[in-house]
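Contents: one structure, followed by commentary.
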Amino acid sequence: VLEGGEQIGLHHFRPVRPLGSGDSGSVHLVELVGTGEYFALKTTEKKIILNRNKVHRALAECEILSMLDHPFLPTLYASFQTDTHICLITDFYPGGELFMLLERQPSKVLREDAVRFFASEVVVSLEYLHCQGVIYRDLKPENVLLQADGHLTLIDYDLSCLTSCQPQLLFSHSGNKQNENQKEEIAHPIFFAEPMRESNSFVGTEEYIAPEIIAANGHTSEVDWWAFGILLYEMFYGHTPFRGRTRQKTFTNILHKDVKFPSKILVSLPAKQLIVRLLHRDPKSRLGSSEGANEIKQHPFFHGINWALVRHMKLPNLDAPLVFLEDMSL
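For the sequence shown, position 240 (counting from the first letter as 1) is numbered 240 according to UniProt numbering, and the numbering increases by one without interruption.
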């Protein structure tokens, strides 16, 4: 609603340029007329989602977006409909996709300090989503957009699942007693909030799909930690670990192939160990399954990260810097 009480609509926005398109809609850069303020307008064609029985996905995305309040997740400023389209207004992210940033790098990979920067922000983003009862289910470089300061935002929630979440306070010991005379370790409280109810939907991008989705065994938030492991691997090595020549071969690799780390690219042992633990095929043995994001935050790969101040970290120097869409001809 505008200041004068008028309901906001499509006519209040001036189209500037297309930003992307999918199988049921598109995203455009738009200006709120007369303000110089730019936003992203996502339009979904009603006819297509009706024909494909995907109305529930469009409604779920709108509901999830309206819940979010986090520096690494989108803000939904307005939602409205035309006769033919559902329209969502969110922030415009001038840094573009993480996918394109990777494509511009030499060998299409990032240095470890840059991987750690982006990975830490993905961890806290997923932690927040899970606390809200959201299983993201579509983590991939194309869905990671970069803000003007280099921080990231996770977009696209039409494949996400909104379920129940029961926050718990767990107690963990910082170590074990070494002998009889040593005092018992103090238990440290851990806030744990992960979606509990399982989903049976077959959704996701094939190279990032967790094995339990392929096997149709039911899944919950552990699928996001699997996808996080795939994303880490891709940032380090320039490709995903299980990609096959066909969709079926990719799924076979996900279910049966061991992760291999190419020797031509130097990656630290803690990074490899983190990837292996995230890509455990048994979701209940996967890192993140018992204590959520807290388990991942404690991994040696993230040593030195001040999790309370992640929002204030600076993007490390990149071999090929960010290219901002606002620097291009509009």
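Here a beta-carbon is modelled for each residue, glycine too, at the ideal position from N, C-alpha and C.
### Message
Using only the alpha-carbon positions, how far apart do His280 and Arg286 sit?
### Response
5 Å
### Query
In the structure shown, what three-state DSSP assignment does Val27 receive?
strand
### Task
Under the assumption that Phe72 contacts Val124 (Cβ atoms under 8 Å), give the Cβ distance between them as a whole number of angstroms.
Rounded to the nearest angstrom, the Cβ distance from Phe72 to Val124 is 7 Å, consistent with a contact under 8 Å.
### Task
On a CA-only basis, which of Ile209, Ser221, Ile155, His56 is nearest Gln248? Give me that one, please.
Ile209
### Task
Could you tell me which of Val134, His239, Ala58, Phe99 sits nearest to Gln81, measuring between CA atoms?
Ranking Val134, His239, Ala58, Phe99 by Cα distance to Gln81 puts Ala58 first.
### Identity of the residues DSSP links to Ala40 by a beta bridge
Leu29, Thr90
#### Entry: Residue from Glu112, Phe92, Lys46 whose Cα sits closest to the Cα of Leu315
Glu112
### Query
Where Leu309 and Asn294 are concerned, what is the direct C-alpha to C-alpha distance, given to the nearest angstrom?
15 Å
### Message
For a test of the three-state rule: what should DSSP assign to Gln273, helix, strand or coil?
### Response
Shown here, Gln273 sits in a helix according to DSSP, grouped into three states.
### Message
Please identify the residue among Ser268, Ser66, Val134, Gly292 whose C-alpha is closest to the C-alpha of Leu88.
### Response
Across the set Ser268, Ser66, Val134, Gly292, the C-alpha of Ser66 shows the shortest separation from the C-alpha of Leu88.
### The beta strand (DSSP E) enclosing Ser79, as first and last residue numbers
78–81
#### Entry: Segment limits, alpha helix (DSSP H) that includes Leu102
Where Leu102 is concerned, the enclosing alpha helix (DSSP H) stretches over 98–104.
### Query
From Leu76 to Lys264, what distance separates their C-alpha atoms?
When rounded, the distance between both Cα atoms is 43 Å.
### Query
Taking Cβ positions, are Arg137 and Ser164 nearer each other than 8 Å?
no
### Query
For Tyr128, which residues of its own chain have a beta-carbon under 6 Å away from its beta-carbon, when the five flanking residues on both sides are left out?
His70
### Task
Please classify Val122: does DSSP put it in a helix, a strand, or coil?
helix
### Query
What do you reckon, are the CB atoms on Val33 and Phe13 nearer than 8 Å?
yes
### Task
Evaluate Lys177 with the Cβ neighbour count: other Cβ atoms within 10 Å of its Cβ, from every protein chain shown; 16 or more gives buried, anything less gives exposed.
Note that Lys177 scores a pLDDT of 44, beneath 50, so its modelled location is shaky; the value from the coordinates is reported in the next line. That one is exposed.
### Message
With distance defined between alpha-carbon atoms, name the residue in Lys260, Leu101, Gly229 nearest to Asp319.
### Response
Leu101
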